[in-house]
Ligand code: T46
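Numbering (this note's numbering), first residue to last: 1 to 134.
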């Protein structure tokens, strides 16, 4: 199974400009309980460096770009998020890191659950040992 699953949104824009629509349970393969966005990330700063035990997410750069690295414990892949119409699924138990944020980057994340710090695995060693048990 591919580690990188893309979510493509249709462009409903017209000659006035772009329009993208996100619908939980339809374009996004789960009901959306939480939405957050990361913006104004300082140059040279990377974020993430964790996996989630249960949480499923889809991330889009609605402005600018960043590089997402995903690692399921066996395979490591990277993808550039650089289109408001092209998102990437971040499944549970995938270590992820975000790098190379452009100054105008707004990273929109749609999440299947409310925020719960106990769902995070923030140690790569702990993640590796959990992923080997699966
Ligand atoms: C993820 C990547 C893609 C909250 O209180 N509520 C929230 O909904 C979120 C997302 C974060 N927080 C708190 C937790 C930390 O104390 O905000 C602080 C910064 O979060 P964190 O260092 O986890 O941020 P990133 O940018 O490293 O990771 C974020 C999400 O937290 C994470 O779930 O998958 O973006």
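By construction, the Cβ of each residue, glycine as well, lies at the ideal position given by its N, Cα and C atoms.
Taking a C-beta distance under 8 Å as the contact criterion, residue 79 and residue 7 do not qualify as a contact pair. In the three-state scheme derived from DSSP, where H, G and I count as helix and E and B as strand, residue 124 is classed as helix. Counting the other CB atoms within 10 Å of its CB gives residue 71 a total of 16 or more, which places it among the buried residues. Between the beta-carbon of residue 123 and that of residue 31 there is about 30 Å, and that puts the pair past the 8 Å contact cut. Here DSSP, grouped into helix, strand and coil, assigns residue 119 to helix. For residue 134, the shortest C-beta to heavy atom distance toward ligand 1 is 7 Å or greater. For residue 102, the three-state secondary structure derived from DSSP is coil. Under the rule that a run must span 4 or more residues, no alpha helix (DSSP H) segment is found entirely inside the segment 41-98.
In this chain, the beta strand (DSSP E) harbouring residue 39 covers 34-39. Beta-bridge partners assigned by DSSP to residue 108: 37 and 60. The alpha-carbon of residue 46 is positioned some 23 Å away from that of residue 131. When distances are taken from the beta-carbon of residue 65 to the heavy atoms of ligand 1, even the shortest one reaches 7 Å or more.
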